[in-house]
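These protein sequence lines are chains B and R, in that order. For the first sequence, the numbering used here gives the first residue as 11, with consecutive numbering after it. For the second sequence, the numbering used here gives the first residue as 11, with consecutive numbering after it. Built from N, CA and C at the ideal position, the CB exists for glycine as well. Structure first, then comments.
2 protein chains.
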Amino acid sequence: MPEKARRADQRARRASSLSSEPIDLGQLPDLLGYALRRAQVAVFRDFLKCFAKFDIRPVQYGILTVIELNPGLKQQQVCRALGIRRANFVTLLDDLERRGLAERGPSATDQRANALYLTEKGKALMRQLRKVNKAHEDRIAASLSPAKRRFLIQLLDQIELSAEAPNE
Amino acid sequence: MPEKARRADQRARRASSLSSEPIDLGQLPDLLGYALRRAQVAVFRDFLKCFAKFDIRPVQYGILTVIELNPGLKQQQVCRALGIRRANFVTLLDDLERRGLAERGPSATDQRANALYLTEKGKALMRQLRKVNKAHEDRIAASLSPAKRRFLIQLLDQIELSAEAPNE
DNA sequence: TATTGTTATACTCTATAACTATA
DNA sequence: TATAGTTATAGAGTATAACAATA
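Given below as structure tokens:
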């Protein structure tokens, strides 16, 4: 049945294409990385469309969420939690601060570190964003039962742990 | 049980961190986009490590596969099959051609188009890459039973179809 | 008019090295 | 010595606009 399902899937892809020629993707549709990549790109595309009028990207939503739930966190802690490099985080936070959504404050215990907080404007935006995210999440999970959706996330976590860990 | 599983997962993430403070990720671990992104990044990192000595990235493996299985295809057809923009494909193909792995030939039916083929060197490389890919795939799927792995891919395909389709 | 390949361009993501000021 | 934040930089992914040649 799995091989049969694969063929059916390939037929579906062909049918949705504008091309008249059938294109053989070989093993690609059976590879986890291929399926993961395509699904992730599709979901992010949907996310960007839903959040377009707020000019918020997935990584920004993640940062705002972590700062809101953990006020006073250091930049490095946010970076570790979300898998962002320290160097790349600076520009991301600069942007959120410039837009008046988040702010760097002094740390009580470490003069090198910044303590991060959401502004009132940032908290107000998050109340809106959570609703938008709910609509987005419901749409991309529309074809999945709640049980399947939870199972999918569980499988994805297993995959993440099986693969290689980053360096830093 | 799902809520319980989520908490256990968050504890696991904390334990693997170097930080002593527990960081609340809120709903993030329950979002498909978040889990998808993290899994995809981890899998690609593993892929890059496995293919490093061949200097092959996932998109290049996909292009070589499609050209090998469908000799004579036009650039636009490869682009549609793999979700690559025409403009971005030019540089990718330039590189493969410069390395002597693929080549642009004249199309018998359309003088605007290029017919794409693998060189003998490209075919020989693919014989090696398929073995490397098998090892890579086995590793990232090590924690999954064959049935779970197939089910995961099926769910990912559903997700892809539920999300928004691209413009072009 | 539409399509194919191409060039130019821009923005984001990912990554490394190196600097400064603190610890 | 090590860590926190920063700057500079580079490569890769993604995207749009516009052009010449051809359909």
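Query	Result
Span of the beta strand (DSSP E) around B:Ala112	112-116
C-beta neighbour in chain B for R:Pro68, strict 8 Å	yes
Anticipated Cβ contact below 8 Å, R:Leu166 with B:Ala49, distance rounded	4 Å
Boundaries (first-last residue) of the alpha helix (DSSP H) holding B:Leu46	42-60
CB contact below 8 Å: R:Thr75 versus chain B	yes
Test: R:Tyr127 CB closer than 8 Å to a CB of chain B	no
Chain B contact for R:Phe180 (CB, 8 Å cutoff)	Outside the displayed span of chain R (11 to 178) sits residue 180 of chain R, for which this structure offers no information.
Amino acids of chain B, ordered along the chain, whose beta-carbon sits closer than 7 Å to that of R:Glu147	Leu41, Leu42
Coarse secondary structure for R:Asn143, derived from DSSP in three states	helix
CB-CB length for B:Gln85 against B:Leu111, believed under 8 Å	No, B:Gln85 and B:Leu111 are not in contact; Cβ-Cβ is about 15 Å, not under 8 Å.
Buried or exposed (CB count within 10 angstroms, at least 16 for buried), B:Arg95	exposed
Residue range of the unbroken alpha helix (DSSP H) whose run includes B:Ala157	156-172
Any C-beta of chain R under 8 Å from that of B:Gly115	no
Cα-Cα separation between B:Lys139 and B:Phe61, rounded to whole angstroms	As written in the sequence, residue 139 of chain B is Leu, which differs from the Lys given in the question. Each residue's Cα considered, the two are about 8 Å apart.
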